[in-house]
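Q: These protein sequence lines map, in sequence, to chains A and B.
Here the first sequence is numbered in the numbering used here, starting from 929 and rising by one per residue.
Here the second sequence is numbered in the numbering used here, starting from 4 and rising by one per residue.
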Amino acid sequence: MSDLASVTGAPAAAGRRLPPVAGLGIGSLALVVIGGILLASYVPRRPPLAVPGTLAAVSGALLLAGVFLLSRLEQFAWPRFFVVFRWALLAYVISAGMIGFAFVRDHTRGAPLALVLVMLVIFALDVPLIIAFTVARYSSPPYSAD
Amino acid sequence: MTDVGRMQAEVLAQSPPRPQVQVVPVRGLPIVAVVVAFVIAAIAGNWLWALVFCHVVGGALWTAIDLFVGLIVGPILGRLSIPARAEFTARFMPKMVLLMPTLVLMTLAAGFQLALREGNLLASSPNHVWLIVSFCVVGVMAVIALGVLEPANIAVLVEMRKQVPDGEVIGLLMKRFVYTAGITGLMQVATLIIMTRVATQ
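#1: Measure the C-alpha to C-alpha separation of A:D1034 and B:I79 and round it to an integer number of angstroms.
#2: At a Cβ threshold of 9 Å, is A:L946 touching chain B?
#3: What did DSSP end up calling A:P939 once you bin it into helix, strand or coil?
#4: For B:Q25, which three-state DSSP category applies?
#5: Would you check if there are 3 or more beta carbon pairs closer than 8 Å linking the region 979-994 of chain A to the region 1044-1056 of chain A?
#6: Listed from N- to C-terminal order along the chain, which residues in the region 946-974 of chain A have their beta-carbon within a distance smaller than 8 Å of any beta-carbon of chain B?
#7: Locate the alpha helix (DSSP H) running through B:V100, then write down its first and last residues.
#8: Could you check the C-alpha separation between A:Y970 and A:L997 for me, to the nearest Å?
#9: Hey, how far is the Cα of B:M240 from the Cα of B:T187?
#10: So, at 6 Å on beta carbons, what are the nonlocal neighbours of A:F1051 in its own chain, with the 5 sequence-adjacent residues on each side left out?
#11: Do the CB positions of B:V35 and B:T105 come within less than 9 Å of each other?
#12: Measuring only the C-alpha atoms, how far is A:Q1003 from B:V60?
#13: For B:V167 and B:G77, I'd like the C-alpha separation in whole angstroms.
#14: Does A:F1004 come out as helix, strand or coil in the three-state DSSP assignment?
#15: Would you mind sorting B:V203 into buried or exposed? The rule is 16 or more other CB atoms within 10 Å of its CB.
#16: Using a Cβ-Cβ cut-off of 9 Å, state whether A:W1006 counts as contacting chain B.
#17: Taking the CB atoms as reference points, tell me whether B:V42 and B:A145 lie closer together than 9 Å.
#18: Just the chain B side, please: which residues come within less than 8 Å of A:V986 by C-beta, in chain order?
#19: Is the CB of B:V59 under 9 Å away from at least one CB in chain A?
#20: At 4 residues or longer, and completely inside the region 940-980 of chain A: list those alpha helix (DSSP H) runs for me, N to C.
#21: Give me, in chain order, the residues of the same chain whose beta-carbon lies closer than 8 Å to that of A:L966; leave out the 5 immediate sequence neighbours on both sides.
#22: Going straight from the alpha carbon of B:W52 to that of B:L189, what length do you get?
#23: Counting pairs of beta carbons, one from the region 128-143 of chain B and one from the region 83-100 of chain B, are three or more of them closer than 8 Å?
#24: State yes or no: is the beta carbon of B:L108 nearer than 9 Å to at least one beta carbon in chain A?
#25: When the Cα atoms are used, what is the spatial distance from B:P97 to B:V192?
#26: From the beta carbon of B:K165, is the nearest beta carbon of chain A less than 9 Å away?
#27: So which of B:V27, B:V26, B:A63, B:L149 has the shortest CA-CA distance to B:T199?
#28: If you draw a straight line from the alpha carbon of B:F71 to that of B:A89, how long is it in whole angstroms?
#29: Going by C-alpha to C-alpha distance, which of A:F1061, A:G951, A:D1054 sits closest to A:V1011?
#30: Less than 9 Å between CB atoms is the rule here; does A:F1061 satisfy it with respect to chain B?
#31: Check whether the Cβ atoms of B:V151 and B:I173 sit closer than 9 Å, and answer yes or no.
#32: The alpha helix (DSSP H) with B:Y182 in it runs from where to where?
#33: Mind listing the chain B neighbours of A:I1058? Cutoff is C-beta to C-beta under 9 Å, in chain order.
#34: Is B:L124 helix, strand or coil by DSSP?
#35: How long is the line joining the alpha carbons of A:W1006 and A:G951, rounded to whole angstroms?
Structural data, given as structure tokens:
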């Protein structure tokens, strides 16, 4: 038991193997960030879309893989997960909305704008997923629920 | 009362009351809303002074807080007694939940618009390469901050709200928080070099 645990009197948190939802989310986030940098580096010119498009597709696939693995969990603190996810989603939809607004304001149009919006949707789902999973995993068995 | 019971009562009496942990300080939300509205107005109006203000003030606070927390507060926190560490965390982390995302949003949104307005994003600009490098540095920091640091921060706060917080979980997550804050702090040094370079080209 760690020194902190010995003071709080809480049981030692034995490790529990969970699917790599946070890892997949971080990978997905990293790809979207790289794609975003590639797009932003061409502003105000029209960027080539092949590489950022591929990055967005792989990022989306990683996100879906994470969601799929998460959906198969049975002993998991789902109520806590959804409470955290909901609020984090609100925060990151605002954040993504602001980034989208900046691109629209700067006259990004057509396919580049569509790609930016897809990336922002992935971003706005990735971060709440990682946060909610991280919080809920420590509220799930064998960890105390409350 | 038995000796053990008397000792437990004394320990409880001596230990400070656990602070009420609020994950998101609701009173701070209106301030965040005002800041976000100001940034939106600055971008929508392409208002030079406001863009410079948001970018410089937000960036200075973001960099300074990151460096201060990562390199000064973090190591001190690691050497505090356990109750002191828990009490500090309960009061410090909620403020960071609101403060840091707001500063990051303010700095990046205003900075991008400013770069565009001043023509620094044009491929012909001498600052273009420096800005792309700064995008990369910020990208790495964003992935670390959003993927590791912030989830750890919120998980610590949620854990501390439980009736019996698991110290091992808090210790594990705080270690993650302090290490990643140190890494982003060091990356801020790179940002300082790039931004001073851009400003003096």
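Just so it is clear, CB atoms sit at the ideal spot from N, CA and C, and this is done for glycine as well.
Note that the structure is predicted; figures quoted are calculated from it, not measured.
A: Taking the definition as stated:
#1: Translated into the one-based positions of the first sequence, residue 1034 of chain A becomes position 106. Translated into the one-based positions of the second sequence, residue 79 of chain B becomes position 76. Distance between the alpha carbons of A:D1034 and B:I79 is about 45 Å.
#2: For the purposes of this step, residue 946 of chain A is identified with residue 18 of the first sequence, where counting begins at 1. Not closer than 9 Å to any Cβ of chain B, the Cβ of A:L946 fails to qualify, so no.
#3: The residue labelled residue 939 of chain A in the question sits at position 11 within the first sequence. Here A:P939 scores only 42 on pLDDT, less than 50, and its place in the model should not be relied on; the value that follows carries that caveat. Three-state result, A:P939: coil.
#4: Position 22 of the second sequence, counting from 1, holds the residue named residue 25 of chain B. The answer is coil: DSSP assigns B:Q25 none of H, G, I, E or B.
#5: yes
#6: A950, G953, I954, L957, A958, V961, I962, G964, I965, A968, S969, V971, P972, R973
#7: The residue given as residue 100 of chain B occupies position 97 in the second sequence. 85-120 is the extent of the alpha helix (DSSP H) around B:V100.
#8: Indexing the first sequence from 1 puts residue 970 of chain A at position 42. Indexing the first sequence from 1 puts residue 997 of chain A at position 69. Distance between the alpha carbons of A:Y970 and A:L997 is about 36 Å.
#9: Not covered by the structure: residue 240 of chain B. The range shown for chain B is 4 to 204.
#10: Taking the first sequence and counting its residues from 1, the one referred to as residue 1051 of chain A is at position 123. So the list reads V960, A1024, once near-sequence residues are dropped.
#11: Counted from its first residue, the second sequence places residue 35 of chain B at position 32. Counted from its first residue, the second sequence places residue 105 of chain B at position 102. Yes, they are a contact pair.
#12: Stepping through the first sequence from its first residue, residue 1003 of chain A is reached at position 75. Stepping through the second sequence from its first residue, residue 60 of chain B is reached at position 57. Taking the straight line from one Cα to the other gives about 46 Å.
#13: Residue mapping note: residue 167 of chain B aligns to position 164 of the second sequence, counting from 1. Residue mapping note: residue 77 of chain B aligns to position 74 of the second sequence, counting from 1. Distance between B:V167 and B:G77, taken at the CA atoms: about 25 Å.
#14: In the first sequence, residue 1004 of chain A corresponds to position 76, counting from 1. It is coil, neither helix nor strand.
#15: By one-based count along the second sequence, residue 203 of chain B stands at place 200. Correcting the residue identity first, residue 203 of chain B is Thr in this sequence and not Val. Under this definition B:T203 is an exposed residue.
#16: Within the first sequence, numbered from 1, the residue matching residue 1006 of chain A stands at position 78. Output row for A:W1006: interface = no.
#17: As a first step, residue 42 of chain B is located in the second sequence; it is residue number 39 there, counting from the start. As a first step, residue 145 of chain B is located in the second sequence; it is residue number 142 there, counting from the start. Cβ atoms of B:V42 and B:A145: not closer than 9 Å.
#18: Within the first sequence, numbered from 1, the residue matching residue 986 of chain A stands at position 58. Simply none; closest approach about 15 Å.
#19: What you label residue 59 of chain B is simply residue 56 of the second sequence in a count that begins at 1. No, B:V59 lies away from the interface with chain A (no Cβ there is under 9 Å from its Cβ).
#20: 949-970
#21: Along the first sequence, one-based indexing puts residue 966 of chain A at 38. Contacts found: P975, V979, P980, L983.
#22: In the second sequence, residue 52 of chain B corresponds to position 49, counting from 1. In the second sequence, residue 189 of chain B corresponds to position 186, counting from 1. When rounded, the distance between both Cα atoms is 29 Å.
#23: No, the region 128-143 of chain B is not in contact with the region 83-100 of chain B.
#24: Against the second sequence, residue 108 of chain B aligns to sequence position 105. Chain A contact via Cβ: present.
#25: Residue numbering aside, residue 97 of chain B sits at position 94 when the second sequence is read from its first letter. Residue numbering aside, residue 192 of chain B sits at position 189 when the second sequence is read from its first letter. Straight across, the Cα-Cα distance linking B:P97 with B:V192 is about 26 Å.
#26: Position 162 of the second sequence, counted from the first residue, corresponds to residue 165 of chain B. It does; some Cβ of chain A falls within 9 Å.
#27: As a working note, residue 199 of chain B is residue 196 in the second sequence. It is B:A63.
#28: If you number the second sequence from 1, residue 71 of chain B lands on position 68. If you number the second sequence from 1, residue 89 of chain B lands on position 86. Near 19 Å, if we compare the C-alpha coordinates of B:A89 and B:F71.
#29: In the first sequence, the residue the question calls residue 1011 of chain A occupies position 83. Looking at the Cα atoms, A:F1061 is the closest of the given residues.
#30: Looking up residue 1061 of chain A in the first sequence gives position 133. At a cut-off of 9 Å between C-beta atoms, A:F1061 counts as an interface residue with respect to chain B.
#31: To locate residue 151 of chain B, count along the second sequence from 1; it is residue 148. To locate residue 173 of chain B, count along the second sequence from 1; it is residue 170. Their beta carbons are not under 9 Å apart, which means B:V151 does not touch B:I173 by this criterion.
#32: On the second sequence, residue 182 of chain B is found 179 positions in, with the first residue counted as 1. Start and end: 170-203.
#33: On the first sequence, position 130 is the one that residue 1058 of chain A refers to. Within 9 Å Cβ-Cβ: L149, G150, V151, E153, P154.
#34: Taking the first residue of the second sequence as position 1, residue 124 of chain B is located at position 121. Residue state, collapsed to three classes: coil.
#35: The residue you call residue 1006 of chain A lines up with position 78 of the first sequence. The residue you call residue 951 of chain A lines up with position 23 of the first sequence. Approximately 19 Å, taken between the alpha carbons.
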